[in-house]
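First to last, the protein sequences are chains X and E. If you read the first sequence in the working numbering, its first letter stands for residue 1, the second for the next number, and so on. If you read the second sequence in the working numbering, its first letter stands for residue 1, the second for the next number, and so on.
There are 2 protein chains.
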Amino acid sequence: MALQLVTIPDKASPFRGGDFTDVTANPVLIEVTRGADVESRHRGAFVVVDASGKIVRSAGDPRMAIYPRSAAKPLQALPLIETGAADRFGLTDTELALACASHKGEPAHVEAVKAWLARIGLTHAALECGIQPPRTSQALEKAILERTPLTAAYHNCSGKHAGFLTACVACGEAPSGYIDPDHPAQKRVTQALGEMTGCDLSAVPLARDGCGIPTYCMPLQNLALGMARLADASALPRPRAQAAKRLLDAMASEPFFVNGTGGFTTEVILAARSVRVKGGAEGVYAAALPELGLGMALKIDDGAMRAAECAAAHVLLGLGCFTADEEQRLKPFLNPVIKTDAGRDAGAIRPTAPLAASSAV
Amino acid sequence: MALQLVTIPDKASPFRGGDFTDVTANPVLIEVTRGADVESRHRGAFVVVDASGKIVRSAGDPRMAIYPRSAAKPLQALPLIETGAADRFGLTDTELALACASHKGEPAHVEAVKAWLARIGLTHAALECGIQPPRTSQALEKAILERTPLTAAYHNCSGKHAGFLTACVACGEAPSGYIDPDHPAQKRVTQALGEMTGCDLSAVPLARDGCGIPTYCMPLQNLALGMARLADASALPRPRAQAAKRLLDAMASEPFFVNGTGGFTTEVILAARSVRVKGGAEGVYAAALPELGLGMALKIDDGAMRAAECAAAHVLLGLGCFTADEEQRLKPFLNPVIKTDAGRDAGAIRPTAPLAASSAV
Numbered sequence: 001m002a003l004q005l006v007t008i009p010d011k012a013s014p015f016r017g018g019d020f021t022d023v024t025a026n027p028v029l030i031e032v033t034r035g036a037d038v039e040s041r042h043r044g045a046f047v048v049v050d051a052s053g054k055i056v057r058s059a060g061d062p063r064m065a066i067y068p069r070s071a072a073k074p075l076q077a078l079p080l081i082e083t084g085a086a087d088r089f090g091l092t093d094t095e096l097a098l099a100c101a102s103h104k105g106e107p108a109h110v111e112a113v114k115a116w117l118a119r120i121g122l123t124h125a126a127l128e129c130g131i132q133p134p135r136t137s138q139a140l141e142k143a144i145l146e147r148t149p150l151t152a153a154y155h156n157c158s159g160k161h162a163g164f165l166t167a168c169v170a171c172g173e174a175p176s177g178y179i180d181p182d183h184p185a186q187k188r189v190t191q192a193l194g195e196m197t198g199c200d201l202s203a204v205p206l207a208r209d210g211c212g213i214p215t216y217c218m219p220l221q222n223l224a225l226g227m228a229r230l231a232d233a234s235a236l237p238r239p240r241a242q243a244a245k246r247l248l249d250a251m252a253s254e255p256f257f258v259n260g261t262g263g264f265t266t267e268v269i270l271a272a273r274s275v276r277v278k279g280g281a282e283g284v285y286a287a288a289l290p291e292l293g294l295g296m297a298l299k300i301d302d303g304a305m306r307a308a309e310c311a312a313a314h315v316l317l318g319l320g321c322f323t324a325d326e327e328q329r330l331k332p333f334l335n336p337v338i339k340t341d342a343g344r345d346a347g348a349i350r351p352t353a354p355l356a357a358s359s360a361v
Numbered sequence: 001m002a003l004q005l006v007t008i009p010d011k012a013s014p015f016r017g018g019d020f021t022d023v024t025a026n027p028v029l030i031e032v033t034r035g036a037d038v039e040s041r042h043r044g045a046f047v048v049v050d051a052s053g054k055i056v057r058s059a060g061d062p063r064m065a066i067y068p069r070s071a072a073k074p075l076q077a078l079p080l081i082e083t084g085a086a087d088r089f090g091l092t093d094t095e096l097a098l099a100c101a102s103h104k105g106e107p108a109h110v111e112a113v114k115a116w117l118a119r120i121g122l123t124h125a126a127l128e129c130g131i132q133p134p135r136t137s138q139a140l141e142k143a144i145l146e147r148t149p150l151t152a153a154y155h156n157c158s159g160k161h162a163g164f165l166t167a168c169v170a171c172g173e174a175p176s177g178y179i180d181p182d183h184p185a186q187k188r189v190t191q192a193l194g195e196m197t198g199c200d201l202s203a204v205p206l207a208r209d210g211c212g213i214p215t216y217c218m219p220l221q222n223l224a225l226g227m228a229r230l231a232d233a234s235a236l237p238r239p240r241a242q243a244a245k246r247l248l249d250a251m252a253s254e255p256f257f258v259n260g261t262g263g264f265t266t267e268v269i270l271a272a273r274s275v276r277v278k279g280g281a282e283g284v285y286a287a288a289l290p291e292l293g294l295g296m297a298l299k300i301d302d303g304a305m306r307a308a309e310c311a312a313a314h315v316l317l318g319l320g321c322f323t324a325d326e327e328q329r330l331k332p333f334l335n336p337v338i339k340t341d342a343g344r345d346a347g348a349i350r351p352t353a354p355l356a357a358s359s360a361v
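If you want it as structure tokens, here you go:
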């Protein structure tokens, strides 16, 4: 499905939905080889825009309709600060990073979320995100060996949900049902997300994210616009500009709490602190690039995260986000190698022409 | 990449490789919805042929170049019987099913492989497939709680490898290096695979499968041809026809040992014993349909197994392989539902026009 052209609220009315077409003709961005030949292919689109919505670079259809999923978390965390809730409860960078996180349910993540909830007078029982087992083999093994009862605090979105709950408590709202579109918590989130992405989210298709909160269908370039405005907040009202800076600073300062051990976001931010990148389910990545004043959004048509990560790494490389040393450090993401289960080389994941061209610019 | 037309050895020379093109234009076969809209798309091709290679049904490019991966296991197991090794060691249906298996490393799988290896005077140390952890949460939890040292017997291909080793022992060959293309074990397998699929495998690209053995690049319809000849062995030499029947019977009689608890192959065979279906990595499925005398092969361009399973189920449905009751039982594979982590409906995986049309024929 492709949507109408993005509109920038500063200059025109917001995006209000439009024609959906059933098939995109996005190019192959990522190839997966086995031996000397290509075995699998991932199509997709990416777009890089500045804070006015001007497209700086793209491949595929920038108007492609996507659900931003967890890639929008830094935008969804804005009300946590703007309501004054973060200050009232003295949230640190760790908690703000968790509010933007897809963490792995590692012990440090779970403990931090539990301590945060205790500080606002709640427990994991208030979280409505559902339960996920830990997402590293070490954390999973520990939980099994210690027969730890899994709770919603283990869910990759538990920090985002703790943020929603914190705003509810600060605003004196009953937290129950905070994941529903009509609850004040989601109304705040929807308003901030709509303003930042230049979308009237009351007019676009609405669905449920994996953690139960609303996710809104929007053109890919509108997600990029939201990230560009986080990165270059010069045209935003002062409280929002401050909130944006505080969230991006927290992500840079505590990348482990954004994506856990070995995660793409963790490793990219550890290697290159000027990059704020965030993934979402079904092959979505978004990035805010404060030094360049740009935002990026990317979607792999088939939803594969292996392709989304490699493509995101190459778009960032093409934008000059990495020094030679950082590029070397990020080689496992830029040039992933596929091994046999006994450790011999079997293939690779690699960018194809539209991405390589992007890198070469 | 697309390859030249298949050639059927009975009527012409075998396929010997050909032109590779970089992009396929396969249709979207599977859509993944979120709410009312499509969020992700999987392109691919399928083809159904009879034992003469005549195409009965297809979508996308039947000449698409694929690596059959584990979908070829029933073909790779033929020498285990044809060498006399299966009879010499009195292999039962359980072991023959394991020789065709991608199992889940559940306790019963591991125990059966260990007992089999002991019978031929070997242990898991002879397996060269590498190690994988168990692939059901229950089996993984048990292995962690009991601190069981994982061995190559847990690998999903350990039964196939035990079959290779059994043939080596029966033929008086040193088993070491049995995964290499030049070892007599793989020469036998390559010959049988080439004859059944109508390919000169010495002339096509060769790569390493995940378990280390050779995997050969071939047109999709040649994999389908190999399966059709398993299903309708009337034109095969008598020993091969007998071996084909014995393997298909073993798969029907012991589906748990082919794919483990909840596996697509296990559930489809349990529901419809006339179907022999087998998956392979990177979105491949193949099926031998003895009652129809047909073979099927399917590849999802991007390698996604969620799409390959749903597509395979709909191709089989379209061929009339399921009664109404069986169709009902296989609903979780025909119409998978996507839930939030708290259990609410969020989306679905569904076939698109080319598959639905196939089902409607």
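Idealized CB from N, CA, C, for every residue including glycine.
Proximity winner among the options, relative to residue i (alpha-carbon distances)
{"i": "ARG63(X)", "options": "ALA288(X), ASP209(X) and THR197(X)", "result": "THR197(X)"}
{"i": "LYS331(X)", "options": "GLU267(X), GLY347(X), LEU294(X) and MET305(X)", "result": "GLU267(X)"}
{"i": "LEU98(X)", "options": "ALA271(X), ALA65(X), ALA203(X) and LYS160(X)", "result": "LYS160(X)"}
{"i": "ALA324(X)", "options": "ALA271(X), ARG350(X), MET305(X) and ARG41(X)", "result": "ALA271(X)"}
{"i": "THR92(E)", "options": "HIS103(E), ARG119(E) and ILE66(E)", "result": "ARG119(E)"}
{"i": "LYS114(E)", "options": "TYR154(E), ASP301(E) and LEU317(E)", "result": "TYR154(E)"}
{"i": "THR352(X)", "options": "ILE338(X), CYS321(X), VAL315(X) and ARG329(X)", "result": "VAL315(X)"}
{"i": "THR123(E)", "options": "ALA287(E), CYS310(E), VAL169(E) and ARG246(E)", "result": "VAL169(E)"}
{"i": "ALA241(E)", "options": "PRO290(E), ALA167(E) and ASN156(E)", "result": "PRO290(E)"}
{"i": "ALA167(E)", "options": "PHE46(E), LYS104(E) and GLY84(E)", "result": "GLY84(E)"}
{"i": "ALA362(X)", "options": "ARG16(X), VAL47(X), GLN186(X) and PRO14(X)", "result": "Nothing can be reported for residue 362(X), as the shown portion of chain X is limited to 1 through 361."}
{"i": "THR340(E)", "options": "ALA233(X), LEU317(X), ILE269(X) and ALA207(X)", "result": "ALA207(X)"}
{"i": "ALA311(X)", "options": "LEU223(X), LEU355(X) and LYS278(X)", "result": "LEU355(X)"}
Alpha-carbon spacing of residue i relative to residue j, whole angstroms
{"i": "GLY343(E)", "j": "THR136(E)", "result": "20 Å"}
{"i": "ASP22(X)", "j": "THR148(E)", "result": "Reliability fails at ASP22(X), whose pLDDT of 46 lies under 50, so the model's placement of it is uncertain and the value that follows must be treated cautiously. So the two alpha carbons sit approximately 50 Å from each other."}
{"i": "MET218(X)", "j": "ASP209(X)", "result": "14 Å"}
{"i": "ASP37(E)", "j": "TYR216(X)", "result": "11 Å"}
{"i": "GLU141(X)", "j": "GLU146(E)", "result": "12 Å"}
{"i": "PRO68(X)", "j": "PHE256(E)", "result": "39 Å"}
{"i": "LEU248(X)", "j": "ALA228(X)", "result": "12 Å"}
{"i": "GLU111(X)", "j": "SER253(X)", "result": "19 Å"}
{"i": "LEU292(E)", "j": "GLU327(E)", "result": "18 Å"}
{"i": "VAL28(X)", "j": "SER40(X)", "result": "10 Å"}
{"i": "LEU225(E)", "j": "GLN221(X)", "result": "45 Å"}
{"i": "GLY177(X)", "j": "GLY121(X)", "result": "17 Å"}
{"i": "THR261(X)", "j": "ALA313(X)", "result": "18 Å"}
{"i": "LYS245(X)", "j": "GLU282(E)", "result": "42 Å"}
{"i": "ASP180(E)", "j": "THR190(E)", "result": "11 Å"}
{"i": "PHE333(X)", "j": "PRO134(E)", "result": "26 Å"}
Residue burial classification, residue i (beta-carbon count within 10 angstroms, cutoff 16)
{"i": "GLY163(X)", "result": "buried"}
{"i": "GLU106(X)", "result": "buried"}
{"i": "PRO237(E)", "result": "exposed"}
{"i": "LYS54(X)", "result": "exposed"}
{"i": "VAL337(E)", "result": "exposed"}
{"i": "ARG43(X)", "result": "buried"}
{"i": "THR7(X)", "result": "Caution applies to THR7(X), whose pLDDT of 45 falls short of 50 and renders its modelled position unreliable; the model cannot decide the point."}
{"i": "PRO175(X)", "result": "buried"}
Cβ-Cβ distance between residue i and residue j below 8 Å
{"i": "PRO369(E)", "j": "CYS100(E)", "result": "Limits of chain E in this structure are 1 at one end and 361 at the other, which puts residue 369(E) out of reach."}
{"i": "THR151(E)", "j": "ARG350(E)", "result": "no"}
{"i": "ALA231(E)", "j": "GLY295(E)", "result": "yes"}
{"i": "LEU298(E)", "j": "VAL275(E)", "result": "no"}
{"i": "SER70(X)", "j": "GLY280(X)", "result": "yes"}
{"i": "ASN156(X)", "j": "GLN138(X)", "result": "no"}
{"i": "ALA307(X)", "j": "ILE30(X)", "result": "yes"}
{"i": "ALA243(X)", "j": "ALA51(X)", "result": "no"}
C-beta neighbour in chain A for residue i, strict 8 Å
{"i": "SER102(X)", "result": "The chain labelled as chain A is not found among the protein chains of the depicted structure, namely X and E."}
Between the segment 179 to 210 of chain X and chain E, which residues of the former have CB atoms less than 8 Å from a CB of the latter, in chain order? PRO205, LEU206, ALA207, ARG208, ASP209 and GLY210
What are the residues of the segment 58 to 79 of chain E that lie near chain X, defined by any Cβ-Cβ distance shorter than 8 Å? ALA65, ILE66 and TYR67
In chain order, what residues of the segment 130 to 147 of chain E put their CB closer than 9 Å to some CB of chain X? GLY130, ILE131, GLN132, PRO133, SER137, LEU140, GLU141, ILE144, LEU145 and ARG147
Below 8 Å between beta carbons is the criterion; list the residues of the segment 212 to 233 of chain E that meet it against any residue of chain X, in chain order. GLY212, THR215 and CYS217
What are the residues in the segment 79 to 97 of chain X lying within 7 Å of chain E by C-beta distance? Residues: none.
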